[in-house]
Amino acid sequence: MKIALIGATGNAGSRILAELSRRGHAVTAIARHPEKIPALAGVTPLKADANDAAGLAAALRGHDAVISSVHFTASDPRKLIEAVHAAGVGRYLVVGGAGSLEVAPGVKLIETPEFPAIYKAEAAAGGVFLDLLRKETRLDWTFLSPSALFVPGERTGKFRLGGDQLLSNEKGSSISFEDYAVAMADEIEKPAHSRKRFTVGY
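In terms of the UniProt record's numbering, the sequence shown has 82 at position 82, counting the first letter as 1, and numbering is strictly consecutive.
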């Protein structure tokens with residue numbers, strides 16, 4: 001497939017880029033600093049700004065799918081969605097956050113007393129993005145939320161998928177960037193969560 005990846009140099013983005021390259025996809029790796037993008041098979045670096053809807057739309061045209069892996073507080077979801085629309089790409093996948101996942105009926109992770117204050121603005125902005133997508137009628141979108149701890153680790157390929165509830169085990173709630181990338185690539189190749197949010201964890 002021909003895939004555009006916005007935010008290809010970030011923690012999640014760089015792992016998604018490596019996973020898509022490994023699977024033989026043609027990836028346009030979009031970043032403000034394309035010189036930081038590693039030389040990988042099938043990868044074409046491209047400079048673009050997530051806040052420039054017109055410029056981004058031009059970069060996205062002609063792709064089968066778009067993945068957005070940018071910080072919520074450093075971007076505008078409306079501009080991102082507008083750019084995908086303008087580019088005429090129907091499939092849009094978003095690297096989501098864990099804050100909007102439920103830990104009990106009607107209780108989101110961001111609403112719990114233990115949720116770190118330092119992450120609240122980012123998590124709240126992620127919830128706004130998800131709400132916007134849920135009102136979206138034209139795009140075939142998917143929002144993939146990680147577990148509470150989203151950290152560097154191993155690519156094991158062994159994880160669980162869930163819906164709107166936070167996944168956890170006896171060690172807590174976590175997923176590596178590497179295994180998250182596997183789940184994202186799987187969803188691109190075999191879509192199973194059209195116009196839905198889902199989550200991945202151990």
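For every residue, glycine included, the Cβ atom is placed at its ideal position computed from N, Cα and C.
Thinking C-alpha only, which one of Pro113, Gly126 and Ala83 is nearest glycine 96?
What you label residue 96 is simply residue 96 of the sequence shown in a count that begins at 1. Comparing Cα-Cα distances from glycine 96 to each of Pro113, Gly126 and Ala83, the minimum goes to Gly126.
Of all the options Val70, Ser174 and Ile3, which has the alpha carbon lying nearest to the alpha carbon of glycine 201?
On the sequence shown, residue 201 is found 201 positions in, with the first residue counted as 1. The shortest C-alpha separation from glycine 201 is found at Ser174.
Could you check what DSSP says for tyrosine 202 in three-state terms: helix, strand or coil?
As a first step, residue 202 must be located in the sequence shown, where it is residue number 202. In the three-state DSSP reduction, tyrosine 202 falls in the coil class, being neither helix nor strand.
Using the beta-carbon count (16 or more within 10 Å), is isoleucine 16 buried or exposed?
On the sequence shown, residue 16 is found 16 positions in, with the first residue counted as 1. It counts as buried.
Please list the terminal residues of the continuous alpha helix (DSSP H) segment that includes alanine 87.
Residue 87 sits at position 87 when you count from the first residue of the sequence shown. Residues 77-87.
Rounded to the nearest angstrom, what separates glycine 172 and serine 147 at their Cα positions?
Taking the first residue of the sequence shown as position 1, residue 172 is located at position 172. Taking the first residue of the sequence shown as position 1, residue 147 is located at position 147. Approximately 9 Å, taken between the alpha carbons.
DSSP state of phenylalanine 143, grouped into three classes?
For the purposes of this step, residue 143 is taken as the residue at position 143 of the sequence shown. Phenylalanine 143 falls in the strand class under three-state DSSP.
Which two residues bound the contiguous beta strand (DSSP E) that contains serine 174?
Within the sequence shown, numbered from 1, the residue matching residue 174 stands at position 174. Boundaries of the beta strand (DSSP E) around serine 174: 174-176.
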